[in-house]
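I have placed the structure first, in the form of structure tokens, so that the comments after it can refer back to it.
Number of protein chains: 2
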Amino acid sequence: MQTSYIKQKDIHFLDLRENLKNKEYRNLKNNLEKYNPIDIKDFIEELEPLDRVLVFRLLSKDDAIEVFSSLENEEQIRLIQAFTDTELDRILNELNIDDMVDMIEEMPASIVKKIIRHTDSSKRKLINEFLQYPESSAGSLMTIEYVELKKYMTVEQALTRIKTTGINKVTVYTCYVTDESKKLIGFVSLRDIVISEKDVLIGDLLHEKVIFVHTHDDQEQVAEVFKKYGFVALPVVDNENRMTGIITVDDILDVMEQEATEDFQKMAAMSPDDESYIESSVWYLAKRRINWLLILMISSAFTSAIIGHYNYLLIAYTSLYNFSPMIMGAGGNSGNQSSTTIIRGLATGDIKIGDWLKVMLKELRIAILVGAILGGVNFIKNLIYDKLSIAYALIISISLIFTVCFAKFVGGLLPILAKKLKIDPAIMAGPVISTLVDSVSLLIYFNVIKIILPI
Amino acid sequence: MQTSYIKQKDIHFLDLRENLKNKEYRNLKNNLEKYNPIDIKDFIEELEPLDRVLVFRLLSKDDAIEVFSSLENEEQIRLIQAFTDTELDRILNELNIDDMVDMIEEMPASIVKKIIRHTDSSKRKLINEFLQYPESSAGSLMTIEYVELKKYMTVEQALTRIKTTGINKVTVYTCYVTDESKKLIGFVSLRDIVISEKDVLIGDLLHEKVIFVHTHDDQEQVAEVFKKYGFVALPVVDNENRMTGIITVDDILDVMEQEATEDFQKMAAMSPDDESYIESSVWYLAKRRINWLLILMISSAFTSAIIGHYNYLLIAYTSLYNFSPMIMGAGGNSGNQSSTTIIRGLATGDIKIGDWLKVMLKELRIAILVGAILGGVNFIKNLIYDKLSIAYALIISISLIFTVCFAKFVGGLLPILAKKLKIDPAIMAGPVISTLVDSVSLLIYFNVIKIILPI
Numbered sequence: 001m002q003t004s005y006i007k008q009k010d011i012h013f014l015d016l017r018e019n020l021k022n023k024e025y026r027n028l029k030n031n032l033e034k035y036n037p038i039d040i041k042d043f044i045e046e047l048e049p050l051d052r053v054l055v056f057r058l059l060s061k062d063d064a065i066e067v068f069s070s071l072e073n074e075e076q077i078r079l080i081q082a083f084t085d086t087e088l089d090r091i092l093n094e095l096n097i098d099d100m101v102d103m104i105e106e107m108p109a110s111i112v113k114k115i116i117r118h119t120d121s122s123k124r125k126l127i128n129e130f131l132q133y134p135e136s137s138a139g140s141l142m143t144i145e146y147v148e149l150k151k152y153m154t155v156e157q158a159l160t161r162i163k164t165t166g167i168n169k170v171t172v173y174t175c176y177v178t179d180e181s182k183k184l185i186g187f188v189s190l191r192d193i194v195i196s197e198k199d200v201l202i203g204d205l206l207h208e209k210v211i212f213v214h215t216h217d218d219q220e221q222v223a224e225v226f227k228k229y230g231f232v233a234l235p236v237v238d239n240e241n242r243m244t245g246i247i248t249v250d251d252i253l254d255v256m257e258q259e260a261t262e263d264f265q266k267m268a269a270m271s272p273d274d275e276s277y278i279e280s281s282v283w284y285l286a287k288r289r290i291n292w293l294l295i296l297m298i299s300s301a302f303t304s305a306i307i308g309h310y311n312y313l314l315i316a317y318t319s320l321y322n323f324s325p326m327i328m329g330a331g332g333n334s335g336n337q338s339s340t341t342i343i344r345g346l347a348t349g350d351i352k353i354g355d356w357l358k359v360m361l362k363e364l365r366i367a368i369l370v371g372a373i374l375g376g377v378n379f380i381k382n383l384i385y386d387k388l389s390i391a392y393a394l395i396i397s398i399s400l401i402f403t404v405c406f407a408k409f410v411g412g413l414l415p416i417l418a419k420k421l422k423i424d425p426a427i428m429a430g431p432v433i434s435t436l437v438d439s440v441s442l443l444i445y446f447n448v449i450k451i452i453l454p455i
Numbered sequence: 001m002q003t004s005y006i007k008q009k010d011i012h013f014l015d016l017r018e019n020l021k022n023k024e025y026r027n028l029k030n031n032l033e034k035y036n037p038i039d040i041k042d043f044i045e046e047l048e049p050l051d052r053v054l055v056f057r058l059l060s061k062d063d064a065i066e067v068f069s070s071l072e073n074e075e076q077i078r079l080i081q082a083f084t085d086t087e088l089d090r091i092l093n094e095l096n097i098d099d100m101v102d103m104i105e106e107m108p109a110s111i112v113k114k115i116i117r118h119t120d121s122s123k124r125k126l127i128n129e130f131l132q133y134p135e136s137s138a139g140s141l142m143t144i145e146y147v148e149l150k151k152y153m154t155v156e157q158a159l160t161r162i163k164t165t166g167i168n169k170v171t172v173y174t175c176y177v178t179d180e181s182k183k184l185i186g187f188v189s190l191r192d193i194v195i196s197e198k199d200v201l202i203g204d205l206l207h208e209k210v211i212f213v214h215t216h217d218d219q220e221q222v223a224e225v226f227k228k229y230g231f232v233a234l235p236v237v238d239n240e241n242r243m244t245g246i247i248t249v250d251d252i253l254d255v256m257e258q259e260a261t262e263d264f265q266k267m268a269a270m271s272p273d274d275e276s277y278i279e280s281s282v283w284y285l286a287k288r289r290i291n292w293l294l295i296l297m298i299s300s301a302f303t304s305a306i307i308g309h310y311n312y313l314l315i316a317y318t319s320l321y322n323f324s325p326m327i328m329g330a331g332g333n334s335g336n337q338s339s340t341t342i343i344r345g346l347a348t349g350d351i352k353i354g355d356w357l358k359v360m361l362k363e364l365r366i367a368i369l370v371g372a373i374l375g376g377v378n379f380i381k382n383l384i385y386d387k388l389s390i391a392y393a394l395i396i397s398i399s400l401i402f403t404v405c406f407a408k409f410v411g412g413l414l415p416i417l418a419k420k421l422k423i424d425p426a427i428m429a430g431p432v433i434s435t436l437v438d439s440v441s442l443l444i445y446f447n448v449i450k451i452i453l454p455i
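Given below as structure tokens:
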């Protein structure tokens with residue numbers, strides 16, 4: 001433990017590999033103890049299938065549970081198939097309900113049957129309840145590993161309750177207080193319990209300012225609550241305001257990553273999904289990409305129609321035509337900058353629907369500034385490098401400025417409009433904006449040509 | 001407290017507003033107690049400047065500190081200017097070092113002087129140390145609000161230490177154990193302390209498997225550690241492995257949001273920044289956007305040159321020309337999908353540099369599939385809707401397929417190549433890929449025309 005974790009990454013597992021190679025299983029068992037279960041998981045995943053089961057069997061009970069619940073589903077299935085009945089009992093009875101539910105949701109029916117056979121009936125009932133929460137809901141994220149206290153308990157009784165529940169996680173640091181009908185009435189921090197005298201009542205330590213969410217709330221909104229208040233855990237209640245579980249911040253880190261990934265996907269015109277790229281099939285990935293490509297391709301029929309309509313200009317001024325992709329590209333890039341900025345601002349809460357006028361004015365002013373610079377640089381380039389006439393250079397630069405203004409205007413407006421209409425703003429990103437800007441920039445260009453040049 | 005927080009949002013503060021309007025300050029003070037400090041902050045930000053100071057003065061000491069540290073800098077400055085010396089002392093002495101440092105970094109010198117005058121010398125020394133950590137480093141994220149224990153302490157002594165430090169945060173739930181030279185040797189959880197007998201030694205409860213980071217580690221990598229292990233706090237050590245502070249998960253939520261925002265900005269060809277859009281000036285925003293727009297505009301000189309070179313084809317087959325923006329667009333969109341997928345996969349760790357061959361083969365196979373569908377649909381559209389000849393429709397569709405293949409190939413390859421070359425992969429996103437694909441798709445198109453049609 002001489003270097004920071006971040007610099008240590010590359011030197012992991014040399015001792016374990018050595019032990020395994022030399023079949024020094026006693027040393028291997030001892031050395032495994034030195035690693036965090038998440039690292040052991042990484043180590044196990046690098047091994048041959050047979051060695052995986054072997055190493056898994058050498059783990060201490062606590063490590064085995066943690067390693068098992070962090071493994072990929074395919075690996076869990078492989079282990080379950082290799083397990084004896086005793087081993088299966090040992091693992092399944094210690095696994096959290098929420099980890100079991102996550103596992104069961106992904107597994108083939110034959111394995112689920114084997115699992116259910118080794119689970120006692122009360123746990124089975126809970127699993128069934130959990131399986132009914134909608135995907136991405138607070139209910140599907142929560143764990144039931146929390147400490148429930150009553151107002152009339154003393155600090156001593158509370159400490160006994162905490163000790164006997166045997167919960168060994170962050171989830172113990174806030175205890176939730178419920179009334180006789182299991183309704184949430186507040187919370188007590190473990191710290192307050194620890195620093196109070198034995199006979200103080202929990203009711204006296206109670207914080208009634210409790211922020212909670214509902215089993216059916218969406219995980220993205222739950223993440224917002226965590227971000228806003230900096231909580232470590234958040235209680236979840238059912239329709240009758242009865243305490244049903246808690247969500248812990250480590251799961252929220254995953255939710256945030258997943259939600260950001262989905263936004264990236266939508267903004268690049270793909271159907272969102274949180275499956276691993278490496279694990280996904282070509283068919284599956286293609287299916288998620290083709291719809292938007294088709295829609296955007298069909299939409300670009302407008303651009304073809306516009307060029308077709310102005311073909312006579314094209315024949316008269318062929319050399320001007322060389323610069324249309326540059327104008328379309330600059331427009332698309334400008335619009336993409338604006339729409340990305342606004343979509344992200346809406347997602348993080350920096351920009352609100354009510355800011356639309358402010359955003360429009362700001363984008364227009366930025367567009368004029370940016371457009372003028374691009375137009376100016378391009379004008380000089382056209383004269384010096386492309387050796388165009390002043391009239392030609394002027395046409396290109398004027399079109400460029402108008403295109404940038406239009407692109408930044410729609411790039412700023414469409415995401416806010418989408419949000420107002422309860423459509424996901426992330427759809428109004430680069431690809432859609434570019435397709436729109438392509439058509440309009442050509443219209444601008446051809447009309448500027450028509451106005452300035454004789455035909 | 002009848003509804004979930006998420007549904008409650010809109011009904012906030014009615015009682016507070018009513019109290020303030022009717023000048024019922026006693027009731028206002030009582031009602032403020034019912035709210036979370038973060039909500040009080042939201043309420044205060046909606047008020048007129050004079051009312052803000054008034055409401056702030058009605059807060060309990062703990063709430064006042066929390067509200068103050070969560071306010072925007074401009075608002076903090078306004079309050080500091082309104083404060084009496086006693087009030088300033090009260091706030092500054094209770095504020096966390098890390099919150100103070102964050103505040104000082106953003107404030108004008110005159111305010112900083114006023115703050116420093118009201119800070120005692122030991123705190124001043126600490127502030128100076130903190131100010132020296134690089135931006136976005138673990139050191140700049142950490143807090144010194146943690147509990148430090150020694151191996152030889154008993155559980156009883158440890159509990160006394162915990163009570164007397166008076167730390168009132170999540171940060172108390174893991175206590176860090178150091179040796180005589182303050183070197184980090186392990187940790188003990190508050191839970192283990194609480195459930196142990198009074199005379200047990202901390203050394204017996206010690207976990208030596210401690211994962212830590214260094215003050216100069218980058219915050220993005222620190223966030224990776226949190227995500228991987230699901231920690232609530234992580235210790236930070238200096239060059240001599242001495243314990244210097246801890247990072248808590250609530251700050252990591254902000255880091256993750258900020259890092260995702262920066263990726264969105266880079267991928268839309270903007271200089272990354274975490275300033276608020278609404279607060280930023282037009283000049284500032286324009287400056288962050290213009291560089292890439294200029295680079296991409298200049299790069300598109302290639303497209304102009306290519307069209308110029310093939311002008312003779314354009315004159316011979318004008319109507320084919322109408323479809324070039326569609327091909328460029330479809331190519332850009334296909335490439336954008338691939339590059340976004342790979343950039344995000346590299347960021348989340350789903351894809352590694354070593355996967356490059358797998359990624360390339362997958363992207364090529366997706367491209368053939370997607371390209372064939374796009375080409376097929378377009379072929380039919382060209383024949384039926386655009387009434388083109390079979391030769392023309394064939395030229396367009398073949399070019400489309402080759403363009404999609406090229407776009408997905410470079411879209412998949414460039415981000416991995418960038419990562420290999422230690423360049424940020426996020427740069428190889430839509431705008432760069434589109435500019436590249438624009439040129440190459442035109443080259444493909446013109447050459448397919450040349451091969452199939454007589455000139």
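Taken in order, these protein sequences are the chains called A and B. Just so you know, we're using UniProt numbering here: the first sequence kicks off at 1 and counts up by one. Just so you know, we're using UniProt numbering here: the second sequence kicks off at 1 and counts up by one. We treat Cβ as the ideally placed atom computed from N, Cα and C, and that holds for glycine.
Item	Value
Reduced DSSP secondary structure (H/G/I, E/B, other) of A/D386	coil
Status (buried if at least 16 other CB within 10 Å, exposed otherwise) for B/I91	buried
Contact under 8 Å by Cβ, A/L149 with A/V188	yes
Anticipated Cβ contact below 8 Å, B/L184 with B/M243, distance rounded	5 Å
8 Å Cβ cutoff, A/Y317 in contact with chain B	no
Beta-carbon gap between A/V410 and A/L374 smaller than 8 Å	no
Pairwise C-alpha distance: B/G332 and B/L314	22 Å
Chain-ordered chain A contacts of B/D355 [CB-CB under 7 Å]	I278
Proximal residues to A/V200 (C-beta, below 6 Å), its chain only, five neighbours per side dropped	V155
Beta carbon proximity, B/V431 to chain A, threshold 8 Å	The sequence given here has Pro at residue 431 of chain B, not Val. Taking Cβ atoms only, chain A reaches closer than 8 Å to B/P431, which makes this a yes.
Partners in chain B for A/I219, counting only beta-carbon separations shorter than 7 Å	One point to set straight first is that residue 219 of chain A is Gln, not Ile, in the sequence displayed. Ordered by position in chain B, no residue passes the 7 Å Cβ test against A/Q219, which lies about 11 Å from the chain.
Validate contact between the segment 414 to 423 of chain B and the segment 361 to 380 of chain B using beta carbons, cut 8 Å, 3 pairs	no
Within-8 Å CB hit, A/S334 to chain B	yes
Supposed close pair B/M103, B/N73 - CB separation, criterion 8 Å	7 Å
Residues that DSSP places opposite B/R242 in a beta bridge	B/K183
Enclosing beta strand (DSSP E) for A/V448 [first to last residue]	From DSSP, A/V448 is part of no beta strand (DSSP E) but of the alpha helix (DSSP H) over 430 to 452.
Residues, ordered as in the chain, of the segment 198 to 230 of chain A that lie near chain B by beta-carbon distance below 7 Å	K209, V210, I211, F212, V213, H214, D217, Q221, V225, F226, K227, K228, Y229, G230
C-beta contact flag for A/V222 and A/A138 at 8 Å	yes
Cβ-based neighbour list, A/K151, same chain, cut-off 8 Å, excluding 5 preceding and 5 following	V177, D179, I185, L201, I202, G203, L206
8 Å contact criterion, which B/S69 and B/L95 should meet: CB distance rounded	6 Å
Residue 526 of chain A versus A/A268 - alpha carbon distance	Chain A is shown only over 1 to 455; residue 526 of chain A falls outside these bounds and no answer can be derived.
Beta-carbon proximity check, residue 476 of chain B vs B/I398, cutoff 8 Å	Since the first residue shown for chain B is 1 and the last is 455, residue 476 of chain B is missing from the structure and cannot be characterised.
Contact under 8 Å by Cβ, A/I343 with A/A426	yes
Beta strand (DSSP E) segment containing A/E233, residue limits	Per the sequence shown, residue 233 of chain A should be read as Ala rather than Glu. Run containing A/A233: 233 to 237, per the beta strand (DSSP E) assignment.
Straight-line gap, A/S110 to A/Q76 (C-alpha atoms, nearest Å)	13 Å
Where A/V194 sits in the DSSP three-state scheme	helix
Proximity of B/S140 and B/D218 at Cβ, strictly below 8 Å	no
Start-end ranges of the beta strand (DSSP E) lying completely within the segment 303 to 389 of chain A, minimum 3 residues	none
Short Cβ contact (8 Å threshold) for A/I353 with A/S439	no
C-alpha distance - A/T164 paired with A/V172, whole-angstrom precision	12 Å
Reference B/D274; option with closest CA among B/P108, B/D254, B/D424	B/D254
Residues of the segment 366 to 377 of chain A whose Cβ lies closer than 7 Å to any Cβ of chain B, in chain order	I366, L369, V370, I373, L374, V377
Within chain A, the residues that B/F402 reaches when beta carbons sit closer than 8 Å	Result: empty, since nearest Cβ-Cβ is about 15 Å, beyond 8 Å.
Minimum Cβ-Cβ distance from A/F13 to chain B less than 8 Å	no
Cutoff 8 Å: A/V55 Cβ touching any chain B Cβ	no
Interface residues of the segment 52 to 85 of chain B facing chain A [CB-CB below 7 Å]	none
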